[in-house]
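Notes to accompany the following structure.
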DNA sequence: TTCGTCATGTAATGGGTTACATGATTAC
DNA sequence: GTAATCATGTAACCCATTACATGACGAA
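Residue numbers (the numbering used here), protein chains in the order written: chain A, 1 to 221; chain B, 1001 to 1221.
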């Protein structure tokens, strides 16, 4: 059981905790809200959903659950397959969210972890941020060492690439410092607020509708 | 023939153009000089080398070719498999280097392309940089649109993640602007210098040896 | 009636990793 | 002699993508 995360699984579970959705919608959210870094395709999403159902973490429902309540009597609209998190699934997600293992701060995972910080307890948040930071500092050390090394003889472009890369990492470290700082200073107020607060604020807010339909080719890529 | 690039193939060809090497050394270079972004393992490198040999782009040589000429009479040192670029291979690389198709500026490819700018003609360099820039600007537009959209209701962390992501992209755009600018201003001097200059400056510089052996676990990761 | 979007899926493929197996050489 | 590093590989797997197949619905 619990054959270690996989970032898509994580993302799906996290999104479905906020509200039930069908696959198509899920993918769209994956590639806008969370997808700044990563885009997923149906070819991975649907099989993933299937295995999550098999694990008992999701159930398939039919009916226009997460549809806009304002335009409620759609009636004719064909009922799609809506996925909802089960109790087991919620529990499983809770476990994933509580993990602070090394893969929580690797490049790919960190983004997802951060995206669901709203569902994560503050101490885990801090641990993940700190883990990420030391990961990056370790990397910086190696990059500096590699630049210092006598010999190597890199040409200007390679050098420039490395310089820019290092600056990017340094920038992320500064960002993390600020975040950690602000997590720490947020100690006094919202002391009670750890993993329990999410339920009431994730209620059914109307989905966006009308206004600027922003270019049908979704995902930011 | 020429079954489209693949970044590892590209990197191997590019590195071997500078000087012949054996697999182990190749991987190390891949993961330091170029490897700021990406790390490769033997499990992908050796099979890749094999197919490149089959394509006729590399030949296997035995002998301590790229070894430090200062410590030349190593004699006892067992001869490893040294890979050298063939004429065909060089030609093929030239073609790859000249390509300015859309995948030249996608995230993964762009790094490699840039790393070998020293072997690339200036007009191609500019085209790739500009392509990359417009790619990023396109992305920025989508991100802005997605942030502007009414509804969506993202929580603070997701918002912060997107904000940071956008700033990263904006920063890269500024970097590209500077690079393009400096490529353009470099028009007068080195006018002759396009793809022909690389031969004499890539001669056998001594490999690093002695001094600080920088921590045997290579790759920057 | 046709186009665009919504919606769900499958099969083939890709491009890499991990873990393993093996062995030579060098430094202590 | 033994540990670390150098060196070459293979097999099993992973996680995703691409291309494809299918079809319903709404709007022009």
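C-beta atoms are modelled at their ideal positions from N, C-alpha and C, and glycine is treated no differently.
These numbers come from a predicted model, not from an experiment.
Query, Result
"Tell me the DSSP bridge mates of residue 1062 of chain B?", "B/1081"
"Keeping to the same chain, check which residues put their C-beta closer than 6 Å to that of residue 1192 of chain B; ignore five residues upstream and five downstream.", "In this prediction, residue 1192 of chain B has a pLDDT of 46, which is less than 50 and means its spatial position is unreliable; nothing more can be read from the coordinates."
"Out of B/1117, B/1133 and B/1147, state which residue places its alpha-carbon closest to the alpha-carbon of residue 154 of chain A.", "B/1117"
"Mind checking whether residue 1176 of chain B and residue 1133 of chain B have CB atoms under 7 Å apart?", "yes"
"Spell out whether any CB of chain B is found under 7 Å from the CB atom of residue 164 of chain A.", "yes"
"With a CB to CB cut of under 7 Å and the five nearest residues on each side skipped, what residues in its chain are close to residue 90 of chain A?", "17"
"Is the stretch 1006-1013 of chain B touching the stretch 1036-1050 of chain B in the sense that three or more CB pairs, one from each, lie closer than 8 Å?", "yes"
"Determine the chain B residues that contact residue 117 of chain A at a beta-carbon separation under 7 Å, and present them in chain order.", "1157"
"Pull up the distance between the alpha-carbon of residue 1185 of chain B and that of residue 1178 of chain B, whole angstroms please.", "11 Å"
"Could you name the residues of chain B that residue 142 of chain A contacts, counting a contact when the two beta carbons are closer than 7 Å?", "1220"
"Roughly how many angstroms separate the alpha carbons of residue 77 of chain A and residue 62 of chain A, rounded to a whole number?", "No answer about residue 77 of chain A holds up, because its pLDDT of 42 lies below 50 and its placement is not dependable."
"Just list the residues that DSSP pairs residue 1021 of chain B with in beta bridges.", "B/1083"
"For residue 82 of chain A, which option in A/121, A/147, A/146 and A/58 has the closest C-alpha, if you only look at C-alpha atoms?", "A/58"
"Mind pulling the chain B residues with CB within less than 7 Å of residue 154 of chain A?", "1033"
"Under the three-state reduction of DSSP, which class applies to residue 11 of chain A: helix, strand or coil?", "helix"
"Taking only three categories from DSSP, how would you classify residue 89 of chain A?", "helix"
"When burial is assigned at 16 or more other CB atoms within 10 Å of the CB, is residue 20 of chain A buried or exposed?", "buried"
"Helix, strand or coil for residue 182 of chain A per DSSP?", "helix"
"DSSP state of residue 1105 of chain B, grouped into three classes?", "coil"
"Taking all protein chains shown into account, decide if residue 1015 of chain B is buried (16 or more other Cβ within 10 angstroms of its Cβ) or exposed.", "buried"
"How is the alpha helix (DSSP H) around residue 141 of chain A delimited, first residue to last?", "122-148"
"Helix or strand or just coil, what does DSSP make of residue 117 of chain A?", "helix"
"Any beta-carbon of chain A closer than 7 Å to the one on residue 1175 of chain B?", "yes"
"Look up residue 175 of chain A in the DSSP assignment and say whether it is helix, strand or coil.", "helix"
"Hey, out of B/1104, B/1024 and B/1087, whose CA is closest to residue 1043 of chain B's CA?", "B/1024"
"What span of residues does the alpha helix (DSSP H) with residue 1049 of chain B cover, start to end?", "1042-1055"
"Is there a Cβ of chain A sitting closer than 7 Å to that of residue 1121 of chain B, yes or no?", "no"
"Please check the pair residue 111 of chain A and residue 1161 of chain B, which I expect to be a contact at CB under 8 Å, by giving their CB distance rounded to whole angstroms.", "7 Å"
"Could you tell me if residue 104 of chain A is buried or exposed, where buried requires 16 or more neighbouring beta carbons within 10 angstroms of its beta carbon?", "buried"
"Since residue 137 of chain A and residue 173 of chain A are thought to touch, with beta carbons under 8 Å apart, how far apart are those beta carbons, to the nearest angstrom?", "7 Å"
"Just tell me which of B/1107, B/1084 and B/1114 has its CA closest to the CA of residue 1098 of chain B.", "B/1114"
"In this structure, how does DSSP classify residue 158 of chain A when only helix, strand and coil are distinguished?", "helix"
"What residues of chain A sit near residue 1139 of chain B, judged by a beta carbon separation below 8 Å?", "220 and 221"
"Less than 7 Å between the beta carbons of residue 221 of chain A and residue 1146 of chain B, yes or no?", "no"
"Indicate whether residue 56 of chain A and residue 88 of chain A have their beta-carbon atoms separated by less than 7 Å.", "yes"
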